[in-house]
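Enquirer: Protein sequence lines correspond, in order, to chains A and B. For the first sequence, the positions run 1 to 111 when my numbering is used. For the second sequence, the positions run 112 to 222 when my numbering is used. All residues carry an ideal CB built from backbone N, CA and C; glycine is no exception. Please read all numbers here as calculations on a predicted model, not as lab measurements.
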Amino acid sequence: QQKVQQSPESLTVSEGAMASLNCTFSDGTSNNFRWYRQHSAKGLEVLVSIFSDGEKEEGRFTAHLNRANLHVSLHIREPQPSDSAVYLCAVTGGSNAKLTFGKGTKLSVKS
Amino acid sequence: EAAVTQSPRNKVTVTGGNVTLSCRQTNSHNYMYWYRQDTGHGLRLIHYSYGAGNLQIGDVPDGYKATRTTQEDFFLLLELASPSQTSLYFCASSLGNERLFFGHGTKLSVL
Numbered sequence: 001q002q003k004v005q006q007s008p009e010s011l012t013v014s015e016g017a018m019a020s021l022n023c024t025f026s027d028g029t030s031n032n033f034r035w036y037r038q039h040s041a042k043g044l045e046v047l048v049s050i051f052s053d054g055e056k057e058e059g060r061f062t063a064h065l066n067r068a069n070l071h072v073s074l075h076i077r078e079p080q081p082s083d084s085a086v087y088l089c090a091v092t093g094g095s096n097a098k099l100t101f102g103k104g105t106k107l108s109v110k111s
Numbered sequence: 112e113a114a115v116t117q118s119p120r121n122k123v124t125v126t127g128g129n130v131t132l133s134c135r136q137t138n139s140h141n142y143m144y145w146y147r148q149d150t151g152h153g154l155r156l157i158h159y160s161y162g163a164g165n166l167q168i169g170d171v172p173d174g175y176k177a178t179r180t181t182q183e184d185f186f187l188l189l190e191l192a193s194p195s196q197t198s199l200y201f202c203a204s205s206l207g208n209e210r211l212f213f214g215h216g217t218k219l220s221v222l
């Protein structure tokens, strides 16, 4: 069964500094990776999707995928207080193409 | 923008009570999902469906039934609610393996 683990559990950064979040997965055949953001017990919104090794940028959000290392990361450029939220990594993989979420990283951006 | 509407937004019931959570999507998506979100566990899949009349079991199905009456409507049923089912419930829809669109969530308290 796929295991998706996120680190750190919580992260505090200053406004304008880069924020980096990590996600490791266990199924090397996984081929579909997304980062979602959740503001304070509300619904989730997708930030960036990535399907092949390398990087994918969507505005201030950049995902890096290294499938050999079973690792996908999210980097937030110039974070703002409004970016304070829980960030979830979602991985689709395995023979049944099952979607598995990590438990999330709580990001706080201080002005 | 795709729309997923959940109702009610908040629900309080007693142990042994009967609860139905409703979800409607107007995205013409084939897949619909019910998740619960709890501190320390993240998002866990209860049931999902890939079309009207279809039901697939998720990772934590015990104590829950679901029914997909139409392409648009997906219901989650708790026939004998227990305090362990106190949680934040999310409905989501997707087109195949594409990104998920989430509702705003239903906060359920079982006393």
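1) What does the alpha-carbon distance come out to for the pair Gln112 (chain A) and Gly28 (chain A)?
2) Considering only residues of the same chain and omitting the five flanking positions on each side of Leu44 (chain A), which have a CB-CB separation below 8 angstroms?
3) Rank A:Pro79, A:Glu15, A:Thr92, A:Ser84 by C-alpha distance to the C-alpha of Ile50 (chain A) and give the top, closest one.
4) When the Cα atoms are used, what is the spatial distance from Phe213 (chain B) to Val115 (chain B)?
5) Would Leu47 (chain A) and Phe61 (chain A) be called neighbours here (beta carbons separated by less than 8 angstroms)?
6) Quickly, what does DSSP pair Phe33 (chain A) with across the bridge? List them, please.
7) Below 8 angstroms, can you find three or more Cβ-Cβ pairs linking the stretch 5 to 21 of chain A to the stretch 76 to 88 of chain A?
8) Please state whether DSSP places Gln1 (chain A) in a helix, a strand or coil.
9) Which of the residues in the stretch 47 to 58 of chain A, read from start to end, lie with their CB under 7 angstroms from any CB of chain B?
10) Note down the Cα distance separating Val125 (chain B) from Ala192 (chain B), rounded to an integer number of angstroms.
11) For Gly104 (chain A) and Glu190 (chain B), what's the separation of their Cα atoms in angstroms?
12) If we cut at 8 angstroms on Cβ distances, does Phe186 (chain B) have a partner in chain A?
13) Buried or exposed: which applies to Asp53 (chain A), given that a residue is buried once 16 or more other Cβ atoms fall within 10 Å of its Cβ?
14) If Gln167 (chain B) and Tyr159 (chain B) are in contact, beta carbons under 8 angstroms, what's the gap, nearest whole angstrom?
15) Who are the neighbours of Leu199 (chain B) on chain A, taking C-beta pairs under 7 angstroms?
16) When DSSP labels each residue in this structure, what does Gln196 (chain B) get in the three-state scheme?
Expert: To lay it out plainly:
1) Any question about residue 112 (chain A) goes unanswered here, given that chain A covers just 1 to 111.
2) Tyr36, Arg37, Gln38, Leu88
3) A:Thr92
4) 6 angstroms
5) yes
6) A:Ile50, A:Val91
7) yes
8) coil
9) Ser49
10) 7 angstroms
11) 31 angstroms
12) no
13) exposed
14) 5 angstroms
15) Ala41
16) helix
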